[in-house]
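A short worksheet on the structure shown next.
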Amino acid sequence: MRVFMILAAATVLAACDSPSVALMGSQKTIVRLDGMTFNVHRRADRIEVYRTGFVMLPDRDRVLYLAELAISQATGCPVRKNSVAGDQALIKAQLTCSAVDVPYAGNARTFDCRFAPEAGPDALICDQV
């Protein structure tokens, strides 16, 4: 019984960052921004973002705002207006461009980003790690 419980817990924890069935096997990019980590999964113009890590009581509007910036950084595409929806853990959105516009980048990439206020209110400086 103990082994079963350990395996069940491991399975649940492993699924915390897995995309929905429709996006399984999709391109994944990790973007770290403002103390939060966003795992961005993309297939064509569809996006799912999972915020991972621990942040005590994150503000929903702030998380959605940062997720939208993370999506743009990860994909190189703007987010379709009024398409961002979700909560502090799972965010879904659509892009204004499709996979034809931006080629698949291969294996997962990770970016560490910070705000660049001198370049504008939403400007980011990101380093690929």
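To convert, count from 1 in the sequence shown and add 6; that's this note's numbering.
Ideal Cβ placement from N, Cα and C applies to all residues, glycine included.
| How about A99 and S89: do their beta carbons lie closer than 7 Å? | yes
| request: Using three-state DSSP, classify L63 as helix, strand or coil. | output: coil
| Which of the three DSSP states, helix, strand or coil, is assigned to R120? | strand
| request: Give the straight-line distance between the Cα atoms of A73 and R66, rounded to the nearest whole angstrom. | output: 10 Å
| said: What does the Cβ neighbour count give for D128, buried or exposed, with the cut at 16 atoms within 10 Å? | reply: exposed
| said: So, under 8 Å CB-CB, S32 and R49 are touching, yes? Tell me the CB distance rounded to an integer number of Å. | reply: 4 Å
| task | Going by CA-CA distance only, name the one from D51, R52, M30 and G59 that's closest to F44. | result | G59
| said: Does V46 come out as helix, strand or coil in the three-state DSSP assignment? | reply: strand
| message | Per DSSP, what are the beta-bridge partners of V85 in this structure? | response | L101
| query | Residue range of the beta strand (DSSP E) that D133 falls in? | reply | L130 to Q134
| query | What number of angstroms, rounded off, separates the C-alpha of E54 from the C-alpha of D93? | reply | 12 Å
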